[in-house]
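Reading through the structure tokens given below for one structure.
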């Protein structure tokens, strides 16, 4: 059974005119034509020169195989028949079309039929935008199926030619073996490096022992650039002029250029089709659009390298599709000013290629630390009524104002110089809850089988939850939050609520034969690790992916194992019954029969009731408890920033590993046949009459005891060992 559920709520497009009123059919037609003319206006002819014609770049069998792979479920332009018809007649159609191409593509010209260069445009709503105007819609080009198949063969050959030139630059989209997770991991690594650099400026004993370098000013800075309609406003002439200079098959470049000459968009209004000429942009939905956009980013990298150098681009620039970012770590004021200057070159290069920058959505992340950073930070980061900002100096003398924020959304995750792991986890948990609530009507239905429910959970909710969190890393406490959310959703999906069934989580997982949440996370990490290890064997030595550090996956596996043991200490033992209580840990008092649930409550009781205060009376040799000569407790493995804090930890007997046993200052009751020690008589010895009183007892001078009046007054009411006060009724007559 196939269950069809919506990925997002359906949005109905309601175009409004200039006054804000609902537009009529005539107004919609006029606004659409005006929108296309303004957005895709450009020259219709492209000058790429002439090259030798080596013949068709593919064979008839290649064309037949490509037509046979025509998708059945994808949309086609309205005047044409669906792909299932072409798919079943692939061999016959390929024979006819191949003969046409041999006549059309000759040494004299490269002819592309007008129907193959035309596109029927369809507008789709954008996420988080109201579909009331054409600017809030995403244009998708629907092409003629046969021409799309031929263009697909040309694109495959062109992609092979461009691949060695594309892999050396940090573009992580539309290229083989790359994904958004690589871009996220690269940005997360930069944020972690800058955060550790700033944190290491807070000096401690451990940092001095490691020889951590100290800077007067250091930190990190990252620029997130937002470009408005990047794909639609690409200038075609500079792009194909750049392609004509590359060491690739120029015949393929000429065919692609001919395909993008005199293009047009067709829109349907009722039964009428309106054609509008277009002269710029790569059409979203075209088979050649991804590789052409990657070639355009190569043009951007080449121009930027002339200003900043190629190594800075490989180390500090992050590009995924139309998301352009750059980040840098600095260790002096001079490096900070140089980074701001390179950021200005970054913006200048984007604008020189005709890409408009949306300054309202472009933000800057910055963190500054060091021993003398306050003055420089106030001079670089300024404030006004709108918040903090930084000026970037441009080549033409302008100063561009960049808003400074603490977090930035990037490819579905949250980036920050403080706790990007935590904010990313909260963001993914929120997205997973939204996905669950959208699918709740279907996924919680009783008619669905357990297998179908778990398939929907795995593909729609769990994949949304774990997306990007392995790239940004997870904190130890974050794993338990994931465990709680996964168990909560699974219990709702399977209709097993603990307050109704009385089942524990362990019983629930065993009853439905569902994997433990930590087992799910561990499996996902192993799959991602296997994918990257297999990918490394296919990468060329010049591929930029070698710089993406995925060694954090080894640490994640170990962290999940530790969290699993901490969450379920008896996971290898039989599952307890539903009525079995969880054993509690108690701290017993050594002077009475009371027990307490925490160590602070026990010490408070001993101080108020028994008069035993936790002063620094436990004198120890601090060096004997240190680890590797550093203030790290060898018992509880807690790390202290200074020797003073470590000494207090030992003298006040705060170590949990020591206090789990009998209290070191506890006075045990005297047993027959032994004398009280001086440690047990410490309370008596702290009194002014203590030493004299013991001497009188040792000499058995009972007449001298009569002179110790102060001792008579206290010892008649207080215990000689614990100092507790007794009532008058307890005193014998």
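Numbering (this note's numbering), first residue to last: 216 to 948.
Just so it is clear, CB atoms sit at the ideal spot from N, CA and C, and this is done for glycine as well.
Q.
Quick check: is the beta carbon of residue 601 nearer than 8 Å to any beta carbon in chain B?
A. No chain B appears in the structure shown, which is made up of a single protein chain.
Q) Where does the unbroken beta strand (DSSP E) through residue 542 begin, and where does it stop? A) 538 to 545
Q) Is the Cβ-Cβ distance between residue 327 and residue 473 less than 8 Å? A) In contact: residue 327 and residue 473 (Cβ atoms closer than 8 Å).
Q: State the DSSP-derived secondary structure class of residue 908, mapped to helix, strand or coil.
A: helix
Q.
What does the alpha-carbon distance come out to for the pair residue 757 and residue 517?
A. 16 Å
Q) Around the Cβ of residue 502, are there at least 16 other Cβ atoms within 10 angstroms (buried) or fewer (exposed)? A) buried
Q.
With three or more C-beta pairs closer than 8 Å as the rule, is the segment 560 to 579 touching the segment 599 to 617?
A. yes
Q | Counterpart residues of residue 623 in DSSP-defined beta bridges | A | 630
Q) Under 7 Å from any heavy atom of the ligand PLP, does the C-beta of residue 650 make it? A) The model on display carries no ligand, and the ligand PLP is accordingly not part of it.
Q: Helix, strand or coil for residue 928, going by three-state DSSP, please let me know.
A: helix
Q: Count the C-beta pairs between the segment 624 to 636 and the segment 397 to 405 that are closer than 8 Å, then say yes if the count reaches three, no if not.
A: yes
Q. Any chance the segment 702 to 722 sits against the segment 745 to 761, with 3 or more Cβ pairs inside 8 Å?
A. no
Q) Hey, out of 370, 461 and 534, whose CA is closest to residue 471's CA? A) 370
Q. Taking buried to mean at least 16 other C-beta atoms within 10 Å of its own C-beta, is residue 428 buried or exposed?
A. exposed
Q | Member of 282, 280 and 297 whose CA lies at the smallest distance from the CA of residue 288 | A | 297
Q) I think residue 467 touches residue 373, with their Cβ atoms under 8 Å apart; what is that distance to the nearest whole Å? A) 5 Å
Q) Exposed or buried, what is residue 575 when buried is set at 16 or more other beta-carbons lying within 10 Å of its beta-carbon? A) Label assigned to residue 575: exposed.
Q) What span of residues does the beta strand (DSSP E) with residue 599 cover, start to end? A) Element bounds for residue 599: 597 to 599.
Q: Just mark residue 925 as buried or exposed, buried being the case when its beta carbon has 16 or more other beta carbons within 10 Å.
A: exposed
Q.
According to DSSP, is residue 490 part of a helix, a strand, or is it coil?
A. strand
Q. Skipping 5 residues on each side, what residues in its chain have a beta carbon closer than 8 Å to that of residue 928?
A. none
Q: Compute the Euclidean distance between the alpha carbons of residue 674 and residue 396, then round it to the nearest angstrom.
A: Their Cα atoms are separated by approximately 18 Å.
**Q.** Presumed contact (8 Å Cβ cut-off) between residue 480 and residue 291, rounded CB distance
**A.** So it is not a contact: roughly 16 Å between Cβ atoms.
**Q.** DSSP three-state assignment for residue 320, whether helix, strand or coil
**A.** strand
**Q.** Buried or exposed (CB count within 10 angstroms, at least 16 for buried), residue 662
**A.** exposed
(Q) Would residue 283 and residue 302 be called neighbours here (beta carbons separated by less than 8 Å)? (A) yes
Q.
Quick check on the DSSP output: the alpha helix (DSSP H) that includes residue 657 runs from which residue to which?
A. 635 to 658
Q: Report the three-state DSSP secondary structure of residue 618 (helix, strand or coil).
A: Residue 618 sits in a strand when the DSSP states are folded into three classes.
Q: Identify whether residue 505 lies in helix, strand or coil by the three-state DSSP scheme.
A: helix
Q) Exposed or buried, residue 354, counting other C-beta atoms within 10 Å across all chains shown (16 or more means buried)? A) buried
Q) Taking just the CA atoms, how far does residue 730 sit from residue 792? A) Because residue 792 sits at a pLDDT of 45, beneath the cut-off of 50, its placement in the model cannot be relied upon, and the following sentence gives the value as read from the coordinates. Approximately 20 Å, taken between the alpha carbons.
Q: Give a yes or no on contact between the segment 418 to 428 and the segment 706 to 721, applying the rule of three or more CB pairs nearer than 8 Å.
A: In short, these stretches do not touch, since the Cβ pair count stays below three.
Q) So what's residue 954 in DSSP terms, helix, strand or just coil? A) Because the chain is modelled from 216 through 948, residue 954 falls outside the range shown and cannot be assessed.
Q. Which parts of the segment 681 to 714 are runs of the alpha helix (DSSP H), unbroken and 4 residues or longer, counting only runs that do not cross its ends?
A. 684 to 687 and 691 to 709
Q) Are there three or more Cβ pairs, one per stretch, closer than 8 Å when the segment 611 to 624 is compared with the segment 573 to 588? A) yes
Q) With DSSP run on the structure shown, which of helix, strand or coil describes residue 433? A) strand
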